[in-house]
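First the structure, in the form of structure tokens, and then the observations on it.
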Amino acid sequence: MNTKQAAIGRWAEIFEHYGLPGITGKNHFKGECPLCGRKGKYRCDNKNGTGSYICVCGSGDGWSLLSGFTGKEFKILASEVDRIIGNEYTADRSSVNPARTSLAKQREKVSRKFAKLTLLRGTSADSYLKGRGINSLPSESVKYCDKQPVDGKNLQAIYALATDDRGELCYLHRTLLDGDKKAHTGGASKKLMKLQEDSYLDFAKSVAIRMFPTASTLGIAEGIETALACHQITKCHTWATMNTAFMKKFRVPAGVKNLIIFADADSNAAGHAAAFECAAANLHAKNDLETVSVRWPAQGDFNDLLLNGSEVFEWVFHKGMKQ
């Protein structure tokens, strides 16, 4: 059986093997959170048998808890869990398994198409970004589609893959183009397609468009263009979280010592709220961080700053130090 399926309902014995707190339901564990070390803040509600947990430092399913606690990759953990529960692994693609869901087929379709797409340089997407003042192009996860049919029109698109902390494909983000201009279709020019079941996405962590390799200093911003502008201005490898909801849930991967959160200066304060919530969660989480910097322009976002110039503000937090 597939390891994820086999683990459902077996998390009590899995947690016991790793020395983790057991399932507490609605009650909080009186000891320390295995991820952030804070007392009385952690509980494991085991929603739908998934080993799900909640703490002030974040939430997730049993797999994200194991990953955060051990620092091991999913493939290694899956092999260990198979041995713990006596499961004989069978891949989802095996004929033994039931028919794949439409979302699984959609993921495969998107992955196959993305593999055939071209990089941005020299395309109308490149010209579009240059029109936004952006010359720094992504090295990963973003490509150009020269034929994107929409409502009978043959448009183009920037395809971007959003993955979680396990490397699972969660969303396809498309920016529709008409030549080197943003397309006007009567609807949104930026479209987000989910590629996982809601039961998975509800617990997915650190969903982002990872446009550059992980580095010891890592940046995040909301939009793709904003993230590219941040990379161009600061040379910091910057990922796009797509919106404030995903920014709040982002946690740095292992090895990152400095996190820079490039916030949008929204009139409703949504950008600041998401940035500081993300900063606080990462400061409390168990990771390799030393500093978290929140930066924002006087108005707009960092792509606006790139085009028009602006004063920039910064608040730096040092992990383990009282502010």
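In this note's numbering, the protein residues as written are 2 to 324.
By construction, the Cβ of each residue, glycine as well, lies at the ideal position given by its N, Cα and C atoms.
As assigned by DSSP and simplified to three states, the class of residue i
i	result
I9	coil
F263	strand
Q157	strand
K31	coil
D199	helix
L21	coil
T292	strand
H273	helix
I210	strand
L170	strand
F318	strand
G301	strand
L162	strand
K40	strand
N3	coil
N98	At N98, the pLDDT of 39 sits below 50, so the modelled position is not reliable; the number obtained from the coordinates is stated separately. Of the three classes helix, strand and coil, the one that applies to N98 here is coil, per DSSP.
N88	coil
S103	helix
K76	helix
L306	helix
N136	coil
K287	coil
I15	helix
A280	helix
S268	coil
Contact check, residue i vs residue j, beta carbons under 8 Å
i	j	result
I210	S137	no
S140	F213	yes
C45	G52	yes
K195	Y160	no
N283	L260	yes
F251	T239	no
I77	I15	no
F70	R167	no
P298	A266	yes
A255	G72	yes
T218	C231	no
A216	D165	no
Presumed contact (8 Å Cβ cut-off) between residue i and residue j, rounded CB distance
i	j	result
I262	V313	In fact, because the Cβ distance is near 13 Å, the residues do not count as touching under 8 Å.
L290	K249	With 8 Å as the limit, L290 and K249 do not qualify as a contact, their Cβ atoms being about 17 Å apart.
K42	C34	6 Å
K287	G63	In fact, because the Cβ distance is near 16 Å, the residues do not count as touching under 8 Å.
F115	L162	6 Å
For residue i: DSSP bridge partner residues
i	result
S60	I55
F70	Answer is none; F70 lacks a bridge partner.
K182	D179
T119	Y145
V82	Beta-bridge pairing links V82 to no other residue.
L193	H174
C45	Y54
V313	P298
Bounding residues of the beta strand (DSSP E) (the contiguous stretch that carries residue i)
i	result
G220	T218 to A222
Q233	Q233 -> not in any beta strand (DSSP E); alpha helix (DSSP H) instead, spanning I225 to T235.
Q149	V143 to V151
Opening and closing residue of the alpha helix (DSSP H) in which residue i lies
i	result
S125	S125 to G132
A241	Segment H238 to A241 is the beta strand (DSSP E) holding A241; no alpha helix (DSSP H) there.
V257	No alpha helix (DSSP H) contains V257, which DSSP labels as neither H nor E.
T215	From DSSP, T215 is part of no alpha helix (DSSP H); its letter is neither H nor E.
T245	T245 to K249
Cβ-heavy atom distance, residue i to the ligand ZN, below 7 Å
i	result
A13	No copy of the ligand ZN appears in this structure; indeed no ligand is present at all.
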